[in-house]
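Peer 1:
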Amino acid sequence: MIESEGATMKNYDKPNVKIIILNWNGKNDTCECVDSLLNAGCVKSQIIIVDNGSNDGSVAVFCERYPDIKTIVNDANLGYAGGNNIGIRKAIESNAEYILILNNDTTVEPGFLEPLVNTLKNEKYDIAGPKILNYWNKELWAGSGSIIWFAASPIQRKILGIFNKSTYSRKTTFVTGCAMMVRKDVFIKIGMLDPEYVAYYEDLDFCYRAINNNFKCKYVAESIIYHKVSATGGFIGKDTLSPFQAYFNARNGFLFCKKNLTRFKKWQFLLGHFSFRFIYFFILALQSKNVESLKKLFQGYKDGVFGYVKEREENVGSV
């Protein structure tokens, strides 16, 4: 692992906030994300880029374009959770009070950061997430989320699109890992993102563990960002499903259940995972007309049921 140290900014505003951006062969998206952060008033010393073993020349581009931004280069692809954990640890070592995990395929509105910081600083919440709009059509993609056990997943509260026009913020039980600001103390008490997931469900697992340790989550509607809707995972539109997404969504539901749930919640979750979630992803795989996605979907269920949780090399490459 190689680190490129960014310059120290004399006018760095308190509190100490670090923004972690994980890159894997996505230099164009990452540069657009970083540029939007700089245009939004974030200072360079707040940003940490973690490259997850890219082979597309990403690191050279970052070093040339952003010489004052810290870039960490992993020797291999550590997955979404593992790669972000490298940045989180570096942020904690840098005495960060608040750490924002931000997908590289996002852009931000000016002023997006302050409402998140104020929520953690003044309102005594521990995890905060912004309003996330679809980058392409500007419709709501993610807002306030709650864990629904019979659906085997967190459900976003965007019925009738009311959050598109509202500034309503609320306490919640789930914040998507696409954009999640976390108080440092949470990581210190409950640990990092679980790398066993590789990708998907690690944010649900983290929020669930946090809430069980008496931490609080909030959806902050005043903070707005835009997401290119799973460009990293190969999910191009609402009617497509990549093999990567099919496998890890199927497998990781079982991993989350085995790790965290007991008794009634466990059976509710498993019922939903075998019915609601399976039907949803099966239909997406059919619409994608991708035989490999169907194969990976069934392989994910098989590995989940029989306890095979170590990532397969052929699946990790798409992180």
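For the numbering used here, count along the sequence shown from 1 and bump the result up by 10.
No residue lacks a Cβ here, since even glycine has one placed at the ideal position from N, Cα and C.
Remember, predicted model here, so these are calculated numbers, not experimental data.
1. Around the Cβ of W146, are there at least 16 other Cβ atoms within 10 angstroms (buried) or fewer (exposed)?
2. DSSP on L143, reduced to helix/strand/coil?
3. What span of residues does the alpha helix (DSSP H) with I98 cover, start to end?
4. What three-state label does DSSP hand G187 in the structure shown?
5. So the candidates are N222, G51, V27; which of them puts its Cα closest to the Cα of T117?
6. Please report the Cβ distance between N114 and G36, rounded to the nearest whole angstrom; I am assuming they are in contact, meaning their Cβ atoms lie under 8 angstroms.
7. If you follow the alpha helix (DSSP H) that D215 is in, where does it begin and where does it stop?
8. Would you list the residues sitting across from C227 in a DSSP beta bridge?
9. Compare the beta carbon distance of I30 and L112 with 8 angstroms and say whether it is the shorter of the two.
10. Between P125 and L280, what straight-line distance do the alpha-carbon atoms span, to the nearest angstrom?
11. Three or more C-beta pairs under 8 angstroms: does that hold for the segment 263–272 against the segment 199–212?
12. Whole angstroms is fine: what's the gap from E74's alpha carbon to N62's?
13. Measure the C-alpha to C-alpha separation of F291 and K306 and round it to an integer number of angstroms.
14. Using 8 angstroms as the threshold, is the C-beta distance between T81 and I59 below it?
15. Can you name, in chain order, every residue of its own chain whose Cβ lies under 7 angstroms from the Cβ of G314, other than the five neighbours on each side?
Peer 2: So, from the listed chains and residues:
1. Taking the first residue of the sequence shown as 1, we reach residue 146 at position 136. With fewer than 16 Cβ atoms within 10 Å of its Cβ, W146 is classed as exposed.
2. Here residue 143 refers to the residue found at position 133 when the sequence shown is read from its first residue. Here L143 sits in strand by DSSP.
3. Working through the sequence shown from its first residue, we reach residue 98 at position 88. Looking at the DSSP string, the run of the alpha helix (DSSP H) that includes I98 is 89–103.
4. To locate residue 187, count along the sequence shown from 1; it is residue 177. Coil, per DSSP.
5. Counting from 1 along the sequence shown, the entry for residue 117 is found at position 107. When C-alpha distances from T117 are compared across N222, G51, V27, the shortest belongs to G51.
6. Here residue 114 refers to the residue found at position 104 of the sequence shown. Here residue 36 refers to the residue found at position 26 of the sequence shown. That belief holds up - the Cβ atoms of N114 and G36 are roughly 5 angstroms apart, short of 8 angstroms.
7. Against the sequence shown, residue 215 aligns to sequence position 205. In the DSSP assignment, D215 falls within the unbroken alpha helix (DSSP H) covering 212–222.
8. Here residue 227 corresponds to residue number 217 of the sequence shown, with the count starting at 1. DSSP lists I137, T182 as the bridge partner or partners of C227.
9. Sequence index remark: in the sequence shown, residue 30 carries index 20 (1-based). Sequence index remark: in the sequence shown, residue 112 carries index 102 (1-based). In contact: I30 and L112 (Cβ atoms closer than 8 angstroms).
10. As a working note, residue 125 is residue 115 in the sequence shown. As a working note, residue 280 is residue 270 in the sequence shown. Linking P125 to L280 through their CA atoms gives a straight-line distance of about 37 angstroms.
11. Segment contact: the segment 263–272 against the segment 199–212, three or more CB-CB distances shorter than 8 angstroms; contact assigned.
12. For the purposes of this step, residue 74 is identified with residue 64 of the sequence shown, where counting begins at 1. For the purposes of this step, residue 62 is identified with residue 52 of the sequence shown, where counting begins at 1. Their backbone Cα atoms lie some 18 angstroms apart in a straight line.
13. By 1-based counting over the sequence shown, the position of residue 291 is 281. By 1-based counting over the sequence shown, the position of residue 306 is 296. Each residue's alpha carbon lies about 11 angstroms from the other.
14. For the purposes of this step, residue 81 is identified with residue 71 of the sequence shown, where counting begins at 1. For the purposes of this step, residue 59 is identified with residue 49 of the sequence shown, where counting begins at 1. Between T81 and I59, the gap from beta carbon to beta carbon is short of 8 angstroms.
15. Residue 314 sits at position 304 when you count from the first residue of the sequence shown. So the qualifying residues of the chain are A260, R261, G263, F264, L265.
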